[in-house]
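A.B. asks: Residue numbers for the sequence shown follow this note's numbering, so the first one is 2 and each next one is one higher. Where is the CB? At the ideal position from N, CA and C, for every residue including glycine.
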Amino acid sequence: MTDEPLVRWGWIGSHLAYLRDLTLDHAVIALVPVLIALLIAVPLGLLCTRYPRLYQPVALVFNVVYALPGVAVFVVLIPYTGLATRTTVMIPLTCYALAVLVPATVDGLRAVPEALRQSATAMGYGPWRRLAAVELPAAVSYVVAGLRVAAVSSISLAAVGALIGRGGLGYLFIDGFQRTFPTPIVAGIVLVAALALVTDLALVLALRLLAPWAAHERRATRRQRGAAQ
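1. Taking DSSP as the reference, what is the three-state secondary structure of Ala85?
2. Rounding to the nearest angstrom, what Cα-Cα distance links Pro213 and Tyr143 in this structure?
3. So what does DSSP say about Arg9, is it helix, strand or coil?
4. Within its chain, find whatever has a CB closer than 7 Å to the CB of Leu117; leave out the 5 residues flanking it on each side and keep chain order.
5. What did DSSP end up calling Arg167 once you bin it into helix, strand or coil?
6. Distance check for Ala123 and Leu173, CA to CA, integer angstroms please.
7. My parser needs the alpha helix (DSSP H) runs of 4 or more residues fully inside the stretch 125–190; what are they?
8. What is the DSSP secondary structure of Val66, reduced to helix, strand or coil?
9. Go through its chain and collect everything with a Cβ distance to Leu32's Cβ below 8 Å, but skip five positions before and after it.
10. For the stretch 84–96 against the stretch 157–169, do three or more pairs of beta-carbon atoms, one drawn from each stretch, fall closer than 8 Å, so that the two count as touching?
11. Starting from Ala212, trace the alpha helix (DSSP H) both ways and give me its first and last residue.
12. DSSP on Val113, reduced to helix/strand/coil?
13. Skipping 5 residues on each side, what residues in its chain have a beta carbon closer than 7 Å to that of Leu158?
14. Can you tell me the Cα-Cα spacing of Arg130 and Val101, whole angstroms?
15. Tell me the rounded alpha-carbon separation between Ala18 and Trp12.
16. Whose C-beta lies closer than 7 Å to the C-beta of Leu192 among residues of the same chain, with five residues either side of it excluded?
17. Is the beta carbon of Val150 sitting closer than 9 Å to the one on Ala105?
18. So, are the CB atoms of Gly1 and Val161 less than 9 Å apart?
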């Protein structure tokens with residue numbers, strides 16, 4: 002096998018539909034848990050902001066979960082959620098994403114200037130209207146930053162699910178290693194990296210659309226630092 006080339010382009014050309022299906026499956030397995038985690042993290046982060054004593058226990062739980070090996074969690078879940086199912090892979094990925102998104106949400110809400118809250122209250126905004134119209138938009142840059150980390154991490158970790166029969170592009174790594182055939186491995190690496198890059202760029206674009214002022218604030222901060230130096 003020493004003469005085996007790194008990439009056999011003929012194999013890739015004849016497996017385009019297969020690679021497309023694996024990429025789509027990988028995207029669903031990796032990104033749906035991040036969306037679910039976001040729906041949980043925003044209200045949970047809000048609770049932790051309103052009741053600060055709650056934050057440390059919640060953060061501790063998610064940090065412990067984040068430290069658990071993915072394969073070990075899969076083995077524990079298999080008797081309950083089944084072998085080779087999306088659910089078995091997506092539950093740990095959701096927990097891992099929560100470990101990133103809850104602190105990001107809390108940091109974003111804590112970073113909202115008190116003067117901004119007081120101004121909204123003075124204008125007649127009630128607590129819920131102030132939250133929706135002032136606090137969450139002001140915290141969106143922190144949340145999107147957490148989303149970027151969580152999404153890229155989830156795309157990488159989802160490949161491990163191939164060890165239990167459901168891992169999207171992770172199949173390519175197992176196939177390549179089992180057959181000592183590097184082409185699927187290279188294709189898997191490229192597609193995972195491309196999916197992560199596209200997702201990250203999409204989130205950057207979303208941030209610019211949702212919070213165009215965030216880019217101006219970053220540029221102003223950089224100018225201030227440059228002037229200080």
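C.D. replies: The structure says:
1. coil
2. Their backbone Cα atoms lie some 13 Å apart in a straight line.
3. Coil.
4. Val135 and Ala139
5. coil
6. Going by C-alpha positions, Leu173 is about 59 Å away from Ala123.
7. 128–131, 137–158 and 171–180
8. helix
9. Excluding positions up to five away in sequence, the list reads Ala152, Ser155, Ile156 and Thr200.
10. The stretch 84–96 is in contact with the stretch 157–169.
11. That residue, Ala212, is in no alpha helix (DSSP H); it is neither H nor E in DSSP.
12. Residue state, collapsed to three classes: coil.
13. By the criterion of a C-beta distance shorter than 7 Å, Leu158 is surrounded in its chain by Gly71, Leu94 and Tyr97, once the five residues flanking it on both sides are discounted.
14. Separation of Arg130 and Val101 (C-alpha to C-alpha, rounded to the nearest whole angstrom) is 26 Å.
15. 12 Å
16. Leu20, Thr24 and Leu170
17. Note that the C-beta distance between Val150 and Ala105 is below 9 Å.
18. Residue 1 cannot be examined here, being either before or after the span of the chain that is shown, 2 to 230.
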